[in-house]
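Enquirer: There's a structure below that I have some questions on.
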Amino acid sequence: MTESAISMRGVRKTYRFFALDDVDLDLPTGHIMGFIGPNGAGKSTAIRILLGLVHQDRGDVRVLGHRMPAGQVAAKWDIGFASEDMRLYDAMTLGWHMRFIASIYPAWDKAYSEMLLKRFGLVPEQKIRGLSHGQRVKAGLLLVLARRPRLLVLDEPTTGLDPVARHEILRELVSVVQDEGRSVLFSSHHTQDVEQISDQITFIDRGRIIDSMDKETYLDRWRRLRMEVPSGARLPVLPGIVKLRQNGHLAIATANAFRPDLPLAYENAGARVQRVETMTLEEIFVANVEQSREEATV
Amino acid sequence: MYLQIMEQIKQKIAVGDWREGDSIPSIRQLAADLSVSVITVKRAYLELEREGVIVTQQGKGSSVAGGSELGARLHEEELESLLDQVARLATLMGLEPAELARRLGDTAGQEPATKRIRKRKAND
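Protein chains in written order, with this note's numbering: chain A, 14 to 311; chain B, 700 to 823.
Structure (C-alpha cells):
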C-alpha cells in the first residue's frame, strides 16, 4: 500500500477575518487532485500550509512522509511549486534560470527540459523581461517540471492562458503521473480543466472542505431532472434533492445524492420525468456554492 | 467524460481499427494520449468490461473481447438509442406511428440528409 502524497488532518489556521477550519485532505500517490473553490475560499492558505510556508495553528500535515512544517527543508527537494507570482529575474534569460536551477537540484533532467522548451515554444536566450504572460507561466512551469519532483503543487497554473497554452500545460500534467510515483495538486478556477485531468476533486468554501473524493464518484452524485408537472400539482423536495424549481408545468430538480430510483419517486409524486441529465463540474460548482451559502444564512 | 471515452473506444472497434483479441493501451497510457485523468479512463474501461466489450486480465492488460459480431452489436445499440430519440420526438409532435413509419421509409430510401444538403449547396 502506497502512502498518501499529501495528508492533512484537523488543520486549522485563524486570521483576523478568515479561518481555515478542520481541514482533512488526502492525495493518494500517483493521482492528480484538482482543488476548487470561490475566491477567498482558502485554497492558497491550504497550499501554503502544506508547503510549510505558513504554519498551521493546529492539526497534522504530512507531505511525502515529512511532517510539516518541521520537515520543510527535507521535503523541498521533492516538491515543485509554481504559482502565478513566480519570482524570476527579469534581467536574466530563461537559459540562465535553467542552469541556475540545475546547479541546485541534482535531479534536473536536461533532456526533458530541452523537450519542454520545444513543446512550450520557448527560447532560452530570451530575457524574462521580454516574455508574455503565457510564456512566463510556461517558463516557470518548465523550471519546476524539469526537476522531476515527486509532488507538483500548482496554484492556478492555467489562469490567463490562451486555449492552446492551457492544453499544452494540461497535457504535460497528465504525462507527469504516467509515473505512478508522482502526484499533482493544482488549484484552478477553470472547472473544465479540473474536470478533464483530475483524479480527485477537493471543493473548499469559506475555509471548510465541502467535498473531497475521486472525481467520477463526485460527478456521479449530481444530476438534473427535468419534469413535466400536471396543473395544480406541487412536487415534494425528496431526499437527495438540493434544489427544486417549479415554473408552470415545468420543474427542474437538482440532486447531489442521486439514486437510480429518484426519477421513479417523482413519477409516483405525479411528475413526468422528461430527462435525467448529468452535470458539468461548472454547474456543480455553482449549485454547491449556492447551497452552502443558503445553509449559512438560515 | 468517461461516456465519451467509451464511445470513442466502441467506434474504434466498430470500424475495425481495434479487432477481437487486440490488446488495447494501458489505462495510464490512454489517459496520457487523450490528456484526461487516469480515473476517467479507468471508469470507461470498467464499464466497457461490464458491457462485455473488453476483457481485462490481471497483469496482462486489456483487450477487445471475443464476442461474436461486436461491431454489429454496437451498431444495433446505436440504432436502438437513436430510434428511442425519434420515438420521443414523434410523441412530442403528435405524429401517428404510421406517419412516422412512412417518413422513416422515405428517409431510408434517400441519400443521407447531409449529402443532400451538400449537393444542394453545390448546385446553388
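The beta-carbon is built from N, C-alpha and C at its ideal position, and this holds for glycine as well.
Please read these numbers as outputs of a predicted model, since none were measured by experiment.
Helix or strand or just coil, what does DSSP make of B/Glu750?
Expert: coil
Enquirer: Less than 9 Å between the C-beta atoms of A/Asp4 and A/Gly23, yes or no?
Expert: No statement about residue 4 of chain A is possible, as the shown extent of chain A runs from 14 to 311 and does not include it.
Enquirer: If you follow the beta strand (DSSP E) that B/Val763 is part of, which residue opens it and which one closes it?
Expert: 760-763
Enquirer: Which residues in the same chain have their Cβ closer than 8 Å to the Cβ of B/Val737, if we skip the five residues on either side of it in sequence?
Expert: Same-chain partners within the cutoff: Ile726, Arg727, Ala730.
Enquirer: Which residues, taken in chain order from the region 159-193 of chain A, show a beta carbon closer than 8 Å to some beta carbon of chain B?
Expert: His180, Leu183, Arg184, Val187, Ser188, Val190, Gln191, Glu193
Enquirer: Once DSSP output is grouped into helix, strand and coil, what is the label at A/Val150?
Expert: Here A/Val150 sits in helix by DSSP.
Enquirer: Under 9 Å, Cβ to Cβ, is there at least one residue of chain A near B/Ala786?
Expert: So, not an interface residue.
Enquirer: Taking Cβ-Cβ distances shorter than 8 Å, what residues in chain A pair up with B/Tyr701?
Expert: Those within 8 Å of B/Tyr701 in chain A are Glu229.
Enquirer: On the DSSP letters alone, give me the boundaries of the alpha helix (DSSP H) that A/Val86 sits inside.
Expert: Note, A/Val86: alpha helix (DSSP H), 85-89.
Enquirer: Does A/Arg239 come out as helix, strand or coil in the three-state DSSP assignment?
Expert: strand
Enquirer: Going by Cα to Cα distance, which pick from A/Val302, A/His262, A/Leu248, A/Thr293 is closest to A/Leu277?
Expert: A/Leu248
Enquirer: At least one CB of chain B closer than 9 Å to the CB of A/Ile117: is that the case?
Expert: no
Enquirer: Determine, for B/Val714, whether the minimum Cβ-Cβ distance to residues of chain A falls below 9 Å.
Expert: Not a single CB atom of chain A sits nearer than 9 Å to the CB of B/Val714.
Enquirer: Would you mind stating whether A/Thr291 and A/Leu251 have Cβ atoms separated by less than 9 Å?
Expert: no
Enquirer: Please list the terminal residues of the continuous beta strand (DSSP E) segment that includes A/Lys140.
Expert: That residue, A/Lys140, is in no beta strand (DSSP E); it is neither H nor E in DSSP.
Enquirer: Using 8 Å as the Cβ pair cut-off and three pairs as the minimum, do the region 162-176 of chain A and the region 199-208 of chain A touch?
Expert: yes
Enquirer: Taking A/Lys123 as the reference, which of A/Leu156, A/Gly65, A/Ala32, A/Asp98 has the closest Cα?
Expert: A/Leu156
Enquirer: I want to see whether chain B comes within less than 9 Å of A/Ala39, judged by CB atoms only; does it?
Expert: It is Asp, not Ala, that sits at residue 39 of chain A in the sequence shown. By this cut-off, A/Asp39 is not an interface position.
Enquirer: Quick one: Cα of A/Ala270 to Cα of B/Tyr744, how far?
Expert: 24 Å
Enquirer: With three or more beta-carbon pairs closer than 8 Å as the criterion, would you say the region 48-65 of chain A touches the region 236-247 of chain A?
Expert: no
Enquirer: Give the residues of chain B in contact with A/Asp274, contact being defined as C-beta atoms less than 8 Å apart.
Expert: In chain order: nothing, as chain B lies at least about 20 Å away.
Enquirer: Any idea if B/Tyr701 is buried or exposed, counting beta-carbon neighbours within 10 angstroms, 16 or more meaning buried?
Expert: buried
Enquirer: In whole angstroms, give me the CA-to-CA distance for A/Phe94 and A/Gly65.
Expert: 12 Å
Enquirer: Anyone know if the C-beta pair for B/Ala789 and B/Leu778 falls short of 9 Å?
Expert: no
Enquirer: Closest by CA to B/Gln703, which one among B/Arg718, B/Arg742, B/Asp721, B/Ala807?
Expert: B/Arg742
Enquirer: Quick check on A/Thr293: does DSSP put it in helix, strand or coil?
Expert: coil
Enquirer: Ends of the beta strand (DSSP E) at A/Phe113?
Expert: A/Phe113 -> not in any beta strand (DSSP E); alpha helix (DSSP H) instead, spanning 107-117.
Enquirer: The alpha helix (DSSP H) spanning A/Ala336 covers which residue range?
Expert: Residue 336 of chain A is absent from the structure shown; chain A starts at 14 and stops at 311.
Enquirer: Within 10 Å of its beta-carbon, does A/Lys26 have 16 or more other beta-carbons around it, so buried, or fewer, so exposed?
Expert: buried
Enquirer: Give me the DSSP bridge partner(s) of A/Pro41.
Expert: A/Ser17
Enquirer: Using beta carbons (cut-off 9 Å, strictly below), is A/Gly43 in contact with chain B?
Expert: yes
Enquirer: Count the other C-beta atoms from every protein chain shown that fall within 10 angstroms of the C-beta of A/Lys131, then say buried if there are 16 or more, exposed otherwise.
Expert: exposed
Enquirer: Can you list, in chain order, the residues of its chain with a C-beta nearer than 8 Å to that of A/Gln287? Leave out the 5 residues immediately preceding and following it.
Expert: Arg239, Met240, Glu241
Enquirer: What residue ranges within the region 174-260 of chain A form continuous beta strand (DSSP E) runs of no fewer than 3 residues, ordered along the chain?
Expert: 196-200, 213-218, 221-227, 236-241, 254-260
Enquirer: Indicate whether A/Phe133 and A/Ala152 have their beta-carbon atoms separated by less than 9 Å.
Expert: With respect to A/Ala152, A/Phe133 sits close: the two C-beta atoms are nearer than 9 Å.
Enquirer: Counting contacts by CB-CB distance shorter than 9 Å, is B/Ile738 in contact with chain C?
Expert: Note that chain C does not occur in the displayed structure, where the protein chains are A and B.
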